[in-house]
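Some notes on the structure that comes next.
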Amino acid sequence: MADPRPGHHFPHPHLHRRPRESGEWQPQPTLLFPDAVPLADRALEITSDVTRADGAPDAEIAVSVDIGESSLTRFAGSAIHQNVTEDVASVRITVSLGGRTASVSGAGDGPELLRRLATAALEAARVQPADPDWPGLAPAAPAEPMEHVDAATATASPAARAELVRAFLDAAAGLDCAGFCSSRGATTAFANSSGQRLADSVSFASLDGVARSPLVSRPLDPDATSDSATLADGSGRAASIALGDLDGTAIGRLAARTARAAAEAPVDIDPGTWSVVLRPSAVADMLAFLAFYGLNSRAVTEGRSFAKPGTEQLDPWITLVCDPLDPRMPALPFDAEGTPRSTFELVREGVTGELAADRRDARRAGTVSNGCAFAGGWAGGGIAPAVALHGGSLADDELLGGLGRALLVHDFWYTRVLDPRPLIVTGLTRNGLFVIEDGVVRRAARNVRFTQSYVDALAPGNVLGLGEAPELLGDMSLSFLAPSLALRSWNVTGNARG
Amino acid sequence: MFDAAQAAVEAALAAGARYADARVVATRSESLRAQDGLVEDVDAGESTGLGVRALVGSAWGFAATPRLSGAEVRRAGERAALVARASNVAAGLPVELLPEAPSTGHWENAVDEDPFAVPLSEKGDLFGGVTGAMKAAGADLAVAHYSAWDVQSWLVSSEGTRVSQRVRKCGGGMNATTVGEDETQRRSYPSAFGQYAGRGYELIREFDLPGHVDRVVDEARALLAAPQCPAGVVDLILDPEQMALQIHESVGHAVELDRILGWEAAFAGTSWLDLSRLGSLRFGSPLMTITADATLPGALGSFGYDDEGTPARPVDIVREGTWVGVLSGRDSAARAGLRTSAACIRADGWSRLPMVRMTNVGLLPGDSSLEEMIAETDDGLYMENNRSWSIDDRRLNFQFGCEAAWEVKKGRRGRLLRNPTYTGIGPTFWNSLDMLGNRDEWVFWGTPNCGKGQPLQIGHTGHPAVPARFHEVRVGVDGGRSRG
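Residue numbers (our numbering), protein chains in the order written: chain E, 642 to 1139; chain P, 12 to 495.
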């Protein structure tokens, strides 16, 4: 393997790009569902009327409105069996009376609903004790117009999704297939009584499926006391802002190829320490846990996180960027509190950097919000909404090339934290596990269980390389750009026999 | 509301559906979270809308809207048929519905004290107060949480079903976290994620949260200094709350007929169970009798009618160790060649397609007690309260972590141990069941966060459970990070 060590600063085109100064509703050239803006205005006006009429003229008010469409086509047994579409119209109203804060949400857009929500929010706020860490509302500040949106995707027809499914199935002909194709689009409008007004739209499409191939070998145990699987699965997936970017044939072909390879006399893996190459979906799982449990300000303040800003805690290969401005990410340019989002480094070449924060986290930590608030999200604190693992440069053969004996893992499954501070996680492999020997994928393996600290796995010296082709994973609320990743050490703690 | 549902059904039929049903659902919700003496988050919601399901060819089409005007609900009906018809591009076997007599009527669960009638200030005082008390007693982080739901629904089908129901539910709990040099420890009450039920606020009052503050904090602090749970194979006694999750993950999901048929293969997964062995497969020891019973009063998974209008009914799942039943609806039961639906079709609100969900899947009690299990164990562990859970996509290979464990030596409870885990293979584990708690220890645990389906749906499920003992179970899996 060529020397893959990063010795330079990775360029991030959106880094430190800060929003412009502005005031009222910004001109938005592409609002998929423009009704969101007047609905937000109405909600703010009605709530102001309610609070004034009820003796609380100084109430701080924030409203957030989502208008959109969400559709999803599922297939199983190589046929479409469920096909759903939903009109989205939701309103969330937050009222704060000197730090006594409550939020109310509802589905719909009628004035009676808005009045009920406003009244309920005011009543709930009144009975709360004041929060000494209440940070106040986000001040008026413009956000970068992003338009991570494709209008055709937001209102894609069921026929368009069905055609992609058909292409997947045709490419995996002869195998049993299951999965989904989704298309979504929404406009979010935010307004508050401090004068903040922001609106933008996002779309997102995904085709994700498995092909299932009959095992060439006999199952381990026909009585199902350990593993009676008769099928081996392979997965294929792709996601984009635009449904038109998805190639059903390529995705189906990948799933079928992986499934057929996985079905070739899989061997049982002995528990112990293995080197691994993780495909992007498994890497995205690690990024999600790092974002949720580790690289967030509240978790650090409360002692629940491993993160120590300014300290080299991960391998120099690891540069994690919160990058909602990347045009590939299905992200809005502002968060649930109306704070404009920007790009910042969570980890730079192994050194823990800026932590994700909402306004309350930031106040407690003595910093400023970096736009990572989620609706109703104070319990966990701010979460980076779009995380990219940057700096990969290795082709697949280079990534595998330096490995003697290792495992190639396509997907993780059912990962859960045993302890959030060391970030010890247990889970299983799924949809393709293979043994690598001398840099080459040699044979299929049965799925294994692992119990592994994700922090230890990424510790200095443990990362062997990053792939050159990141894939988009996740959804509109939390997305990732993740390449393949080679790691020196991974704890396999169980196999098909338990 | 019935009129809106009727109009949507008629529109779907006019657009070519051979069957349609529509539900108007009005959900009111309320949640509260307190930490370290402060009520941090009060959230309330109301969500009313209509979802219509249409059967065209081999696929379900479903459309949902929050707007209930005549034009909007008719449009939803038409769209449901339209999206179903688009599925013919990749058509499968025809969907048949097992015959059920149309239902009419109304059902609602009994509550002594409507949770929404209790002042928010009183709830804030209780939940904020116990977190303040836990903090004062030495917790590094003290959290309490509460949620309540009031769900009203009106269902109309093209076969003549016309039913309404109202289900009120609530629950909550508290936990104390202590932070050590490199780890955290946690103790919870009454369970790891709170206890939830189809009951009123009387449930919260029965918890007596203030009365458990000192024990919870003392144990959370003691865990930081406790020895690491050793690795090995031992006789394992589980508390009823952990048993509820064990049942949920390794039995409840495994017996969902849509999983067995492969309808959830890509996302939730499948099942190790093979329908050809229904009625003969030995799932567990003769002590193991599991039912799915949506008629249990006060349980979280109870209702009067499922979301396709079939009246709730108790179903045997495992009888004295033999697998005898599945969780099903009319379409999956017909596909599997069964004689009746288990009435397990439910949806997460108006905007989601109804699907097979657990009702109250639980163990019938035995004749031992926790005290007797400990007294009759020579060398083992007793574990309490879940901390982590993971199981493979066929519901065989599981690993659970618990908050705390105690050694059991020569019939007595011994040292407290930290970071306990246990792992196993479903049927092997259930066949090692050798002692089961009695009816006095039978609790209807509730799980308010069961995820399944795409788009994801959160289900509320119930799990009657008692303490139980299992023979020769692998424990102490820590990924090579022993810390004690």
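All residues carry an ideal CB built from backbone N, CA and C; glycine is no exception.
Just so we're clear, the structure is a prediction, and the values are computed from it rather than from any experiment.
Between the CA atoms of residue j and residue i - distance to the nearest angstrom
i                 : j                    : result
asparagine 396(P) : tyrosine 433(P)      : 13 Å
alanine 307(P)    : glycine 487(P)       : Sequence check: residue 307(P) is leucine here, not alanine. Going from the Cα of leucine 307(P) to the Cα of glycine 487(P) covers about 36 Å.
threonine 458(P)  : aspartate 1038(E)    : 46 Å
leucine 1122(E)   : glycine 1033(E)      : 11 Å
arginine 767(E)   : serine 746(E)        : 17 Å
serine 867(E)     : aspartate 285(P)     : Interpretation of serine 867(E) is limited by its pLDDT of 47, a score under 50 that renders its predicted location unreliable; the figure taken from the coordinates is listed afterwards. Distance between the alpha carbons of serine 867(E) and aspartate 285(P): 14 Å.
glutamine 46(P)   : proline 773(E)       : 13 Å
alanine 761(E)    : serine 835(E)        : 21 Å
aspartate 269(P)  : phenylalanine 481(P) : 30 Å
glycine 664(E)    : leucine 839(E)       : With a pLDDT of 42 at glycine 664(E), under the threshold of 50, the predicted position of this residue should be treated as unreliable, though the coordinate-derived value follows. Their backbone Cα atoms lie some 10 Å apart in a straight line.
aspartate 886(E)  : serine 798(E)        : 15 Å
leucine 973(E)    : alanine 792(E)       : 15 Å
arginine 429(P)   : alanine 237(P)       : 6 Å
leucine 713(E)    : valine 851(E)        : 16 Å
glutamate 382(P)  : lysine 421(P)        : 13 Å
threonine 890(E)  : proline 1124(E)      : 22 Å
leucine 1035(E)   : glycine 1108(E)      : 5 Å
proline 10(P)     : alanine 415(P)       : This structure does not reach residue 10(P), given that chain P is present from 12 up to 495, and the question cannot be answered.
leucine 763(E)    : leucine 444(P)       : 53 Å
serine 158(P)     : alanine 208(P)       : 11 Å
aspartate 123(P)  : glycine 1023(E)      : 39 Å
glutamate 131(P)  : tryptophan 456(P)    : Glutamate is not the amino acid found at residue 131(P); the sequence shown has leucine there. Each residue's Cα considered, the two are about 25 Å apart.
arginine 485(P)   : serine 401(P)        : 15 Å
glutamate 119(P)  : valine 178(P)        : 6 Å
Per DSSP, cross-strand counterpart(s) of residue i
i                    : result
leucine 1048(E)      : Val917(E) and Val1076(E)
glutamine 253(P)     : Note: glutamine 253(P) sits in no beta bridge, so no partner.
alanine 880(E)       : Ser847(E)
glycine 60(P)        : Val36(P)
glutamine 954(E)     : Note: glutamine 954(E) sits in no beta bridge, so no partner.
cysteine 240(P)      : Its beta-bridge partners do not exist; DSSP assigns none.
phenylalanine 831(E) : Ser705(E) and Leu839(E)
threonine 10(P)      : Given a span of 12 to 495 for chain P in the structure shown, any question on residue 10(P) remains unanswerable.
aspartate 151(P)     : Paired residue(s): none; aspartate 151(P) is not in a bridge.
Cβ-based burial, residue i [other Cβ within 10 Å; buried from 16]
i                 : result
histidine 156(P)  : buried
leucine 949(E)    : The residue you asked about is not leucine; residue 949(E) is lysine in the sequence shown. It counts as exposed.
proline 1026(E)   : buried
glutamate 753(E)  : exposed
leucine 137(P)    : buried
aspartate 497(P)  : The structure shown has nothing for residue 497(P), since chain P only spans 12 to 495.
isoleucine 469(P) : exposed
alanine 134(P)    : It is lysine, not alanine, that sits at residue 134(P) in the sequence shown. Burial call: buried.
glycine 295(P)    : buried
arginine 251(P)   : Position check: residue 251(P) holds proline in this sequence, whereas arginine was assumed. Per the 10 Å Cβ criterion, buried.
asparagine 460(P) : exposed
threonine 472(P)  : buried
serine 343(P)     : buried
glycine 56(P)     : buried
alanine 37(P)     : buried
serine 291(P)     : exposed
Residues of its chain near residue i, where Cβ-Cβ distance is below 7 Å and the 5 sequence neighbours each way are ignored
i                 : result
tryptophan 453(P) : Pro376, Pro475 and Val477
leucine 1099(E)   : Leu955, Asp956 and Ile959
alanine 730(E)    : Ile708, Ala748, Gly749 and Asp750
aspartate 327(P)  : Thr302, Val335 and Gly336
leucine 805(E)    : Cys822, Leu848, Leu887 and Gly889
Residues of its chain near residue i, where Cβ-Cβ distance is below 8 Å and the 5 sequence neighbours each way are ignored
i                 : result
glycine 1068(E)   : Asp926, Phe1053, Trp1054, Tyr1055, Thr1056, Arg1057, Arg1090 and Phe1091
serine 946(E)     : Tyr934, Gly935, Leu936, Asn937, Ala940, Pro1061 and Arg1062
alanine 347(P)    : Leu268, Ile271, Leu272, Leu286, Val337 and Ser339
isoleucine 687(E) : Pro752, Leu755, Arg756 and Ala759
Neighbouring residues, chain B, relative to residue i (Cβ below 7 Å)
i             : result
serine 296(P) : The structure shown contains no chain B; its protein chains are E and P.
What residues in the segment 702-724 of chain E have a beta carbon less than 9 Å from any beta carbon of chain P? Close to chain P, meaning a Cβ-Cβ distance shorter than 9 Å, are the following residues of the segment 702-724 of chain E: Ser711, Ser712, Leu713, Thr714, Arg715, Phe716, Ala717, Gly718, Ser719, Ala720, Ile721, His722, Gln723 and Asn724.
Against chain E: residues of the segment 142-171 of chain P by CB proximity under 7 Å: Those residues of the segment 142-171 of chain P that come within reach of chain E (Cβ to Cβ, closer than 7 Å) are Asp151 and Leu152.
For the segment 457-490 of chain P, list every residue whose C-beta sits within 9 Å of some C-beta in chain E, in sequence order. Listed by position, the residues of the segment 457-490 of chain P near chain E (Cβ gap below 9 Å) are Gly464, Gln465, Pro466, Arg485, Val488, Asp489 and Gly490.
Anything in the segment 827-859 of chain E with a Cβ closer than 8 Å to a Cβ of chain P? List those residues in chain order, please. Residues Asp849, Gly850, Val851 and Arg853.
Against chain E, which members of the segment 400-430 of chain P pass a CB distance test of less than 8 Å? For the segment 400-430 of chain P, which is checked against every Cβ of chain E, the residues closer than 8 Å are Trp400, Ser401, Ile402, Asp403, Asp404, Arg405, Leu407, Asn408, Gln410, Gly412 and Asn430.
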